[in-house]
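Here it is, written out as structure tokens:
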């Protein structure tokens, strides 16, 4: 069986790298093959799966330095029926890629805002006077570097190799423990991915909910549901409902499989006391070193 | 007394607009005057105050559609002694600014990622094939529009007037109730701002804390402190500690003045059970229609 996997492009992004790790893991687990389908944004990547253009999407969810990828969370909430099959955690090491001879020749640095933010101090120290220009992905600006030897981009070593471009500096991220978590997402349960990993292996359940408007202290009640049942929450993230300033959705990662009895009780209680509850599925977290 | 107020530039940004509202309010309250000092990022705006280059900074904190301005939260945590003097909530209405004759002539659209995200559906509907290019502020790209009639920028009506540029469309934000909250921040207590508004008028206190590593359910305990004392929390936001994926700081807005007895009890309990606790001050929220 050949699966199509949507991801943020152009080729060479960290998300593509995560998709390649997933394909490798899938091929070892089930023998299935996959083709890569690059999309211009994470929102469009997820939409391609919701609309049936691709069978799976790989999207970044959270980085250890820059935090949530809000477009991923917002789109997961907006679309119906998306299910997380697996989480992958990858180390992120940024390189400065340029056709310039030395750092002194560089006048502009391009990259995705998350990557720029992760190398902020390095840029201030080594390239204090350059112009910083955000781009839609870490690889989008790479094609322009050959034409402009005063330009540089922050991207991965792998991207430099892929586009045959020189690296002027390596491991330029400000914090050494820079990791990103990605979700592999399908529309409903996907039989191939399901076979690859029995759901009883699932250790995490992700969900999101909105609360009836203006109910003070409501979030505490929801968190207490989990605390009383002894379920640890590895992440709590709020996002605006987009209705009015001060109204939020809450995204939660619980360290439990959705069909465990304790988790079933928690979900029943949540259903009764939330406005809308969406369960994005249970999954295993694959750590990549 | 003439105060210097740092804000995100170039002139014409929504943050500058918030700063102008603040100056107007200050001049009515105390007679003080102020000069505007534009900076290239919100982090540098806050640093200018921490380093004594400016006396006050106006920074965006949260938008009703796109959520937290993470650079503001992260920088407030990193710098010591910054105190919020006032919060301002402003309506945000975006315009499409361009020297093109019609929408059909536009090939690229520039703006700050927050503004681009707030007009995503409008862009998909009316300009589905254009290239979207992020910029460091809503006004940064405006100067280039005259040279390139195929380019457009998303910015405010006020910015279009300031740069004498035509608007092709107005009120293009996807959600009508688009508002941003700004903080006016000083290094320590600023006498002028203090005189302008007695702190007894303060209705909100903002704080942030980190928790001892790997203590499950710890956030629930902190939230219960406020719940038991009857203090409503209008906002709970998590940000990565940048130490390791899965470790967070929590930013909280409590609806109480820091020196109220109930809030004093809450802060004492928090001090005992958090790793680092930073109190960013108590302030009043000014709603601007």
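Chains as they are written, first to last, in my numbering: chain U, 1 to 289; chain A, 1001 to 1289. Ideal Cβ positions, reconstructed from N, Cα and C, are used throughout, including at glycine.
Residue 143 of chain U sits exposed, since fewer than 16 C-beta atoms from the chains shown fall within 10 Å of its C-beta. Comparing C-alpha distances from residue 1035 of chain A to each of A:1065, A:1022, A:1029, A:1044 shows the shortest one belongs to A:1022. When C-beta distances to chain U are compared with 7 Å, the residues of the stretch 1170-1191 of chain A below that value are 1175, 1177, 1179, 1181, in chain order.
Contacts with chain U at 8 Å (Cβ-Cβ) do not include residue 1051 of chain A.
When A:1075, A:1090, A:1042 are compared, the shortest CA-CA separation from residue 1018 of chain A is found for A:1090. Rounded to the nearest whole angstrom, the CA to CA distance from residue 1208 of chain A to residue 1275 of chain A is 11 Å. Residue environment for residue 76 of chain U: buried (at least 16 other C-beta atoms within 10 angstroms of its C-beta). Residue 154 of chain U carries a strand assignment under DSSP once its states are collapsed to helix, strand and coil.
Within chain A, no C-beta atom comes nearer than 7 Å to that of residue 18 of chain U; the closest sits roughly 14 Å away. When only Cα atoms are considered, residue 65 of chain U and residue 13 of chain U end up about 18 Å apart.
The Cβ neighbour count for residue 259 of chain U, taken over all protein chains shown within 10 Å, is under 16; the residue is labelled exposed.
C-alpha of residue 1174 of chain A to C-alpha of residue 1117 of chain A: approximately 9 Å in a straight line.
When rounded, the separation of the alpha-carbon atoms in residue 251 of chain U and residue 280 of chain U is 10 Å. About 7 Å separates the Cβ atoms of residue 1057 of chain A and residue 1007 of chain A, confirming a contact at the 8 Å cut-off.
Counting the other CB atoms within 10 Å of its CB gives residue 80 of chain U a total below 16, which places it among the exposed residues. For the stretch 59-80 of chain U, the beta-carbon criterion of a distance under 8 Å to any beta-carbon of chain A is satisfied by 62, 63, 64, 65, 66, 67, 70, 71. Contacts between residue 1256 of chain A and chain U, judged by CB atoms closer than 7 Å, are missing: the closest CB pair is about 12 Å apart.
Restricted to the stretch 1101-1163 of chain A, the alpha helix (DSSP H) segments that are unbroken, complete and at least 4 residues in length are 1113-1118, 1120-1126, 1157-1162, listed in chain order.
For a Cβ distance threshold of 8 Å, residue set 1136 of chain A lies close to residue 132 of chain U, ordered along the chain.
Residues 1086, 1087, 1197, 1201, 1202, 1203, 1204 of the same chain have their beta carbon placed closer than 8 Å to that of residue 1284 of chain A, with the five preceding and five following residues left out of the count.
Residues of the same chain with a CB within less than 8 Å of the CB of residue 1255 of chain A, apart from the 5 flanking positions on each side, are 1203, 1204, 1231, 1232, 1233, 1234 in chain order. As the crow flies, the alpha-carbon of residue 1135 of chain A is around 13 Å from that of residue 114 of chain U. The alpha-carbon separation between residue 1272 of chain A and residue 1222 of chain A amounts to approximately 10 Å. Note on geometry: alpha-carbon atoms of residue 1092 of chain A and residue 32 of chain U lie some 49 Å from one another.
The closest CA to that of residue 1146 of chain A, considering only A:1287, A:1286, A:1102, A:1163, is found on A:1163. Within the stretch 1221-1233 of chain A, those residues whose Cβ lies closer than 7 Å to any Cβ of chain U are, in chain order, 1223, 1224, 1227, 1232. With contacts defined by Cβ atoms closer than 8 Å, residue 1249 of chain A and residue 1265 of chain A do not form a contacting pair. Unbroken beta strand (DSSP E) runs of no fewer than 3 residues, entirely contained in the stretch 1203-1288 of chain A, are found at 1204-1210, 1233-1240, 1248-1254, 1276-1287, following chain order. In this structure, DSSP gives residue 1069 of chain A a state outside helix and strand, which the three-state scheme calls coil. Per DSSP, the continuous beta strand (DSSP E) segment holding residue 1039 of chain A begins and ends at 1033-1039. Assigned with DSSP and collapsed to three states, residue 1044 of chain A falls in helix. In the structure shown, the three-state DSSP call for residue 1186 of chain A is strand.
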